[in-house]
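Student:
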């Protein structure tokens, strides 16, 4: 999954879509030496996928999907119904995940209730896997004992509502140091080698081995996992998905959503958290028209800090705030874009960054960013 996602190497020490790494210039292409692509995980980043795309996944051997349903105590994915219906119509087993931020038993129980509410908004079935996506940076600052207790409270709330198939998604570097697997949560483990082969973590339910896999005939990189058993595929394959009117049907019309949110955040890279400085009165048409978008895509979570530059809207037309105004903040990436500067005839890469608490976001030229956690925090 796409982290609230930091570099695997730094996450082991400091803490956060499931996970990390930079956007690959060259996506992994199918070849016979790779592990299987049994399962794909999805969030609103993939809201552009249509019915034919899901059918291509099925035809390529994908058996199951894990769809982001919720995050924190209030967010529900706006494309949850769309993705559930499309996957089901293509004959894929549907499972759901929740991106966790809980740091106490009480907050774990509250987040579990949001997860339940979100899943129940699309299906009455309880025979699927409900996964907690355990990778947010704040969880890395908790002791393993605290995290284990909070996870137990989260699962107990799901169990009390009748959901008895649960699992834990996390990075390999956190196993045994920040969180434990157990009989109820055997694990969906993320570890992305440069040249993935064979089988890893055979005692776990699944191994996520790539975040930049591109299926034949597709133009989008996807997270792929190899399943070690049938835990994710033996649910209610034909469980009806609710329509927006509240009835149930195995078929629904797909609606494209233009502004997808990353797995790791409740808002989109193109729609930062509003602030007083982000009003339309600050819009500069001249600044926006001075650049041309070459490409824009999601990227994995990296930690950066800076006191230079400013955060902007996606075409730089709106200036949100100077970075020096938040001197103690660590920023995390979730998207990037390439712009062509018309006046200088130069190209520039901008990263979409978000503060650790999710309250501030925007696009900034990557040259202003320094890798790693903020030393001033």
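In mature numbering (1 follows the signal peptide of the UniProt record, and there is no 0), the protein residues as written are -27 to -1, 1 to 350.
Glycine included, every Cβ here is placed at the ideal spot set by N, Cα and C.
In the DSSP assignment, find the alpha helix (DSSP H) that holds residue 123 and state where it starts and stops.
Tutor: Start at 1 with the first residue of the chain shown, and residue 123 comes out as number 150. 117 to 133 is the span of the alpha helix (DSSP H), which, as asked, contains residue 123.
Student: Would you give the residue range spanned by the alpha helix (DSSP H) that residue 88 belongs to?
Tutor: As a first step, residue 88 is located in the chain shown; it is residue number 115 there, counting from the start. Run containing residue 88: 78 to 93, per the alpha helix (DSSP H) assignment.
Student: In the structure shown, what three-state DSSP assignment does residue 58 receive?
Tutor: Against the chain shown, residue 58 aligns to sequence position 85. Here residue 58 sits in helix by DSSP.
Student: In this structure, how does DSSP classify residue -27 when only helix, strand and coil are distinguished?
Tutor: Position 1 of the chain shown holds residue -27. Three-state DSSP puts residue -27 in coil, outside helix and strand.
Student: Using CA atoms only, rank isn't needed, just tell me which of 5, 196 and 85 is closest to residue 131.
Tutor: For this step, residue 131 is matched to residue 158 along the chain shown. Here the closest residue by C-alpha is 85.
Student: Take the Cβ of residue 270 as the centre, count every other Cβ of all protein chains shown within 10 Å, and call the residue buried at 16 or more, exposed below.
Tutor: In the chain shown, counting from the first residue as 1, residue 270 sits at position 297. Label assigned to residue 270: exposed.
Student: Which one of 260, 64, 184 and 120 has the shortest CA to CA distance from residue 26?
Tutor: Along the chain shown, one-based indexing puts residue 26 at 53. Comparing Cα-Cα distances from residue 26 to each of 260, 64, 184 and 120, the minimum goes to 64.
Student: In three-state terms, what does DSSP make of residue 180?
Tutor: Start at 1 with the first residue of the chain shown, and residue 180 comes out as number 207. The answer is strand: DSSP assigns residue 180 an E or B state.
Student: Measure the C-alpha to C-alpha separation of residue 218 and residue 24 and round it to an integer number of angstroms.
Tutor: Locating residue 218 in the chain shown gives position 245, counting from the first residue. Locating residue 24 in the chain shown gives position 51, counting from the first residue. Below a pLDDT of 50, predicted positions are generally treated as unreliable, and residue 218, at 43, falls in that range; no measurement from the model is reported.
Student: I need the straight-line Cα distance from residue 299 to residue 20, nearest angstrom please.
Tutor: What you label residue 299 is simply residue 326 of the chain shown in a count that begins at 1. What you label residue 20 is simply residue 47 of the chain shown in a count that begins at 1. Near 32 Å, if we compare the C-alpha coordinates of residue 20 and residue 299.
Student: Three-state secondary structure (DSSP) at residue 224?
Tutor: Translated into the one-based positions of the chain shown, residue 224 becomes position 251. Confidence at residue 224 is low in this model, with a pLDDT of 36, below 50, so its placement is unreliable and the value that follows should be read with caution. Look at residue 224 here: in three-state DSSP terms it is coil, with no helix or strand label.
Student: Enumerate in chain order the residues of its own chain whose CB-to-CB distance from residue 152 is below 6 Å, with the five nearest sequence positions on each side excluded.
Tutor: As a working note, residue 152 is residue 179 in the chain shown. Excluding sequence neighbours, residue 152 sits near 107, 120 and 143.
Student: Which one of 334, 324, 304 and 70 has the shortest CA to CA distance from residue 110?
Tutor: Against the chain shown, residue 110 aligns to sequence position 137. Nearest option by C-alpha distance: 304.
Student: Which value, in whole angstroms, describes the spacing of the CA atoms of residue 280 and residue -27?
Tutor: The count along the chain shown starts at 1 and reaches residue 280 at position 307. The count along the chain shown starts at 1 and reaches residue -27 at position 1. Cα to Cα, the separation comes out at about 30 Å.
Student: Note the first and the last residue of the continuous beta strand (DSSP E) segment covering residue 25.
Tutor: By one-based count along the chain shown, residue 25 stands at place 52. Residue 25 -> not in any beta strand (DSSP E); alpha helix (DSSP H) instead, spanning 24 to 32.
Student: What number of angstroms, rounded off, separates the C-alpha of residue 117 from the C-alpha of residue 145?
Tutor: Counting from 1 along the chain shown, the entry for residue 117 is found at position 144. Counting from 1 along the chain shown, the entry for residue 145 is found at position 172. Their backbone Cα atoms lie some 14 Å apart in a straight line.
Student: Between residue 123 and residue 33, what straight-line distance do the alpha-carbon atoms span, to the nearest angstrom?
Tutor: By one-based count along the chain shown, residue 123 stands at place 150. By one-based count along the chain shown, residue 33 stands at place 60. Rounded to whole angstroms, residue 123 to residue 33 spans 38 Å at the Cα level.
Student: Could you give the residue range of the alpha helix (DSSP H) that holds residue 262?
Tutor: Within the chain shown, numbered from 1, the residue matching residue 262 stands at position 289. Looking at the DSSP string, the run of the alpha helix (DSSP H) that includes residue 262 is 258 to 262.
Student: Return the first residue and the last residue of the beta strand (DSSP E) that residue 288 is part of.
Tutor: By one-based count along the chain shown, residue 288 stands at place 315. Counting along the chain, residue 288 falls outside any beta strand (DSSP E), and DSSP gives it neither H nor E.
Student: Need the endpoints of the beta strand (DSSP E) that residue 72 sits in, please.
Tutor: Along the chain shown, one-based indexing puts residue 72 at 99. Taken as a continuous stretch (DSSP letters only), the beta strand (DSSP E) holding residue 72 covers 66 to 72.
Student: What beta strand (DSSP E) runs, 3 residues minimum, are completely inside the region 284 to 339?
Tutor: Counting only runs that start and end inside the region 284 to 339, the beta strand (DSSP E) elements of at least 3 residues fall at 292 to 295, 304 to 314, 319 to 328 and 334 to 338.
Student: Could you compute how far the alpha carbon of residue 70 sits from the alpha carbon of residue 190?
Tutor: Here residue 70 corresponds to residue number 97 of the chain shown, with the count starting at 1. Here residue 190 corresponds to residue number 217 of the chain shown, with the count starting at 1. Computed Cα separation, rounded: 27 Å.
Student: In this structure, how does DSSP classify residue 15 when only helix, strand and coil are distinguished?
Tutor: Looking up residue 15 in the chain shown gives position 42. Strand, per DSSP.
Student: Among the candidates 329, 290, 348 and 168, whose CA atom is the shortest distance from the CA of residue 5?
Tutor: Here residue 5 refers to the residue found at position 32 of the chain shown. Selected option, being the one with the closest Cα: 168.
Student: Please say whether residue 186 and residue 1 have beta carbons closer to each other than 8 Å?
Tutor: Translated into the one-based positions of the chain shown, residue 1 becomes position 28. Translated into the one-based positions of the chain shown, residue 186 becomes position 213. A contact, by the Cβ cut-off of 8 Å.
Student: Rounded to the nearest angstrom, what separates residue 221 and residue 268 at their Cα positions?
Tutor: Counted from its first residue, the chain shown places residue 221 at position 248. Counted from its first residue, the chain shown places residue 268 at position 295. Residue placement at residue 221 is poorly supported in this model, since its pLDDT is 45, which falls under 50; the coordinates still yield a value, given next. The alpha-carbon atoms of residue 221 and residue 268 are separated by roughly 39 Å.
Student: Helix, strand or coil for residue 342, going by three-state DSSP, please let me know.
Tutor: What you label residue 342 is simply residue 369 of the chain shown in a count that begins at 1. Three-state DSSP puts residue 342 in coil, outside helix and strand.
Student: Between which two residues does the beta strand (DSSP E) holding residue 280 run?
Tutor: Taking the chain shown and counting its residues from 1, the one referred to as residue 280 is at position 307. For residue 280, no beta strand (DSSP E) segment is defined, and its DSSP state is neither H nor E.
Student: Can you give me the C-alpha to C-alpha distance between residue 326 and residue 37, rounded to a whole angstrom?
Tutor: Taking the first residue of the chain shown as position 1, residue 326 is located at position 353. Taking the first residue of the chain shown as position 1, residue 37 is located at position 64. Spanning the two alpha carbons is a distance of roughly 31 Å.
Student: On the DSSP letters alone, give me the boundaries of the beta strand (DSSP E) that residue 41 sits inside.
Tutor: Residue mapping note: residue 41 aligns to position 68 of the chain shown, counting from 1. Per DSSP, residue 41 belongs to the beta strand (DSSP E) from 37 to 44.
Student: Based on Cα-Cα distance, which residue from 319, 302, 324 and 347 lies nearest to residue 332?
Tutor: Along the chain shown, one-based indexing puts residue 332 at 359. Checked all of 319, 302, 324 and 347; the closest Cα to residue 332 is 302.
Student: With distances taken Cα to Cα, identify the nearest neighbour of residue 48 among 74, 39 and 31.
Tutor: Taking the chain shown and counting its residues from 1, one reaches residue 48 at position 75. Closest option to residue 48, Cα to Cα, is 74.
Student: What residue range does the beta strand (DSSP E) around residue 142 cover?
Tutor: Stepping through the chain shown from its first residue, residue 142 is reached at position 169. If you look at residue 142, you'll find it in the beta strand (DSSP E) that goes 139 to 144.
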